[in-house]
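Chains as they are written, first to last, in the numbering used here: chain A, 1062 to 1734; chain R, 2 to 315.
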């Protein structure tokens, strides 16, 4: 018997500005019934386009499927017309799709019930009444309470996680044989991601539906995949069973990916090994191994021969590489040439705090009507206190909406502070008048999340980086200015000759370097990194983390490092604070926090982060917290976490716990300790 | 939804009140004393005083405003200085042709404009798209009085298909009435239609690129269902806003169109009243037009809520 879906030599191109981008270049794969297969790769590797090409969902023009076969139960889908009855019956009926952006993937003007029902009526040939029943059943199944009522609601009345559940309900409502989840959980918080993926797996396993997960998150792959396809530059470079690929990666790119990511179970002082260089341009590719310019294993042979084909390397594993990685196993596993970064003990962390935040409260008024009457307050930050010592890095973690960015912005006085004190080098800056903030902002700066929108697209890079020098009058003449800008660019690893270019000529990673150079320009002693690496690809992320660590050592910087990725925070931070609904619920040095977390939320959060190793993942005990983060507008009475907490007692419904020190340097806000 | 409508209605009432203040005081800022224009050449001082007292012009402006407002609420907009006739009945009489032409013109431009926009967006890049886009650009650029005159020359004088000018009530003779208003309606709605076509086209193209359209396609829905159920319902939201902005154009344009086609509507009434310094009539017309526009905008707002659930549930 053949495979459920088998794709042979698929090629898809996009035409842009007269150039042809070979987005998918000869991809072959298969999926069997009831199997979970993962496609992993960085942005632009063609993993999503591959999936959409099969169902002819790519926009044509500019897209064009050049060649290949997509055999679903033996029928070649590419031979069917995109609007034909037969293809539409398979697309949506037999093969369901869940897309990346839950916030925009549902139609805002139709009720969710209508959106589920129309698929059911079309494919299962049910009448409206039956379809409605089916929709309610599915909404219940994906864990949305009050299904009978909520079926009449519109997408904007649901949170991101809920919308993704609705997408899943929609895709599964027609009993498909194959489900494709295209970065379905990327935009979600870790605990929500864990909930959704667990649910998906349980459903597909009980119905023997095949599942393709497309992701860039190696942890997710390790936790759920049975087989893996690693994609790079529009081609599959490695494939095989999940355990094999993780244990014995046979392609230098897979090796590189695995060494580039920080892991929850890493030795702390391991320096990440970034993949050097940038992903290739997919326009007019030369016939050569696409990974060659970034490869550390390459030989003479690689330069002379055309791009390698996938070949069997034993045990069903396939790799598109001429080099025998197995012979270099120690190097591949990162066991030789391991670099260690300067440990916290060796860095000079002074005892004096550079920053001391005392009972910080930041409330935003909620107004209504045309008289702007205040009807409520959003307590975005509620009683947050912490210290940051000079030279130290404090990680601030929490899920979206927990107030971590508000803390960051308030410290720079970008938001008005409702109550509380912020001491910077002993001076209380919370009440400092606006005109006196200039000097303060010279000494603290910020690196922003989005390297694309945080740089002015009309300004030249040199001017972006040099602006703080002029604002704070740090240079005396043009020559000094130019020299300083050059120096800054060199410091972050950019060629100073590029300073006359504008941001769009740079890649994401390079732009983040520009953002860092700008933050460094005024020679600050404290830098607030607000999700500074979240928008970057894995291989680039490692470059930026290493850069931040090097700079910290060179310039003796203190970082307030805000992120939702717990592995990254663990890697870079000396101490870590966990926020939930505007408060710090646990704070300790990194080791204590990660090895001995006391707060149930911290425990759940850590358990939700997948470790990129299938063997460890199989053995791990998982705590899946139920529910979602409540809105700060109606914070639950008592402990804010009580409605999701597995350990909640009666007292938790009544008493709001304070942050208490349970052992030296380890504070927890929980009643059950 | 009910709360939303109540809010809109209250807002509209406030807007009308503010408009009444503006209408009233605007007329008082105009140079020239209505008593003078009424009395003709070289009146004596006593005569002026007498007429001013008769018209109530000797009282303080605030008092004048409130007494005018109190009367207006009761439906009494005063007596025309020139015609010595009740302004309310004068206006109501003249309002019929203007409203008739305005409403028909509005409906035609919305239907044709949106349809043209949708067709252009579906046939993007084809000859039909180019034709619609070019016509729409022309339609926006051409002044309507010129188009009106050109229309009369071509359809009435050259082809002889339509009557040259005038207005007949549809109650009297529906066919004749339609023949007479069809050209003024098209001319009046021309720029609005062009604007709507362009807005609909770009809005559709924007919506078609959205993720939820991809979702709809991935569900295996027919192209027609994707376009009309999923895309169009989203694409019309900005179009409705434009419809609201278009209304004053249609009312304002009627002043010119009525002149070109010799129709005794409110536009013409107002124009002659301005020349005659018949303040009472101008005030009445202004307030009447303002109320019409405000009410029409209310309708647009309510339909906006109907099409956009995100507004409804705020």
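We put the beta carbon where it would ideally sit given N, CA and C, even for glycine.
DSSP, read as helix, strand or coil, puts residue 1722 (chain A) in strand. Sequence-ordered contacts of the segment 229-253 of chain R with chain A read 231, 234 and 235 [C-beta pairs closer than 7 Å]. Its Cα nearest to that of residue 1340 (chain A), the residue A:1353 stands out among A:1353, A:1172, A:1712 and A:1331. Residue nearest to residue 1622 (chain A) within the set A:1457, A:1560, A:1643 and A:1307 is A:1457 (criterion: CA-CA distance). The closest CA to that of residue 1415 (chain A), considering only A:1409, A:1443 and A:1448, is found on A:1448.
CA-CA distance, residue 246 (chain R) to residue 139 (chain R), rounds to 20 Å. Nearest Cα to residue 1073 (chain A) within the set A:1105, A:1114, A:1091 and A:1106: A:1114. No Cβ of chain A is located within less than 8 Å of the beta carbon of residue 13 (chain R). Here residue 1421 (chain A) has 1442, 1445 and 1481 as same chain residues with Cβ atoms under 6 Å from its own Cβ, once five neighbours each way along the sequence are excluded. About 6 Å separates the Cβ atoms of residue 1273 (chain A) and residue 1092 (chain A), confirming a contact at the 8 Å cut-off.
Beta-bridge partners of residue 1132 (chain A) (DSSP): A:1067 and A:1137. Contacts between residue 1166 (chain A) and chain R, judged by CB atoms closer than 8 Å, involve 212, 213, 215 and 216 in chain order. When only Cα atoms are considered, residue 1123 (chain A) and residue 1653 (chain A) end up about 53 Å apart.
If you check the CB distance, residue 1647 (chain A) and residue 1663 (chain A) come in under 8 Å. At a cut-off of 8 Å between beta-carbon atoms, residue 1160 (chain A) makes contact with chain R.
Residue environment analysis places residue 1197 (chain A) among the buried positions, since at least 16 neighbouring C-beta atoms fall within 10 angstroms of its C-beta. Contact between residue 221 (chain R) and residue 1183 (chain A) holds, since their C-beta atoms are separated by about 6 Å, short of 8 Å.
Residue burial is scored here from C-beta neighbours: residue 310 (chain R) has at least 16 other C-beta atoms within 10 angstroms and is therefore classed as buried. Around residue 1137 (chain A), the same chain offers 1130 as residues with beta carbons nearer than 6 Å, after the five sequence neighbours per side are excluded.
In this structure residue 1159 (chain A) touches residue 1243 (chain A) by the C-beta definition: roughly 7 Å separates them, less than 8 Å. Contact of residue 1170 (chain A) with chain R is assigned, a C-beta pair being separated by under 8 Å.
With contacts defined as CB atoms closer than 8 Å, residue 1632 (chain A) and residue 1323 (chain A) qualify as a contacting pair. Sequence-distant Cβ neighbours of residue 6 (chain R) in its own chain, meaning closer than 7 Å and more than five residues away, are 303. When 9 Å is used as the limit between beta carbons, residue 1183 (chain A) is near these residues of chain R: 220, 221, 222, 223 and 226, in chain order. Taking the CA atoms as reference points, residue 1704 (chain A) sits about 11 Å from residue 1711 (chain A). Spatial neighbours of residue 79 (chain R) in its own chain (CB-CB distance under 6 Å, excluding positions within 5 residues in sequence) are listed in chain order as 88 and 281. Under the three-pair Cβ rule at 8 Å, the segment 107-117 of chain R counts as touching the segment 186-203 of chain R. Around the Cβ of residue 175 (chain R), a 10 Å sphere holds fewer than 16 other Cβ atoms; the residue is exposed.
By the C-beta criterion, the segment 1248-1255 of chain A is judged to be in contact with the segment 1451-1465 of chain A, since at least 3 inter-stretch pairs fall below 8 Å. Short of 8 Å from the beta carbon of residue 1257 (chain A), and not among the five residues preceding or following it, lie these beta carbons of its own chain, in chain order: 1222, 1225, 1226, 1229, 1245, 1246 and 1249. In the three-state reduction of the DSSP assignment, residue 1505 (chain A) falls in the strand class, which pools E and B. In the three-state scheme derived from DSSP, where H, G and I count as helix and E and B as strand, residue 202 (chain R) is classed as helix. DSSP links residue 1448 (chain A) through a beta bridge to A:1417.
In the structure shown, the three-state DSSP call for residue 1352 (chain A) is coil. At least one beta carbon of chain A lies nearer than 8 Å to the beta carbon of residue 311 (chain R).
Scanning chain A for C-beta atoms nearer than 9 Å to the C-beta of residue 308 (chain R) yields 1170, reported in chain order.
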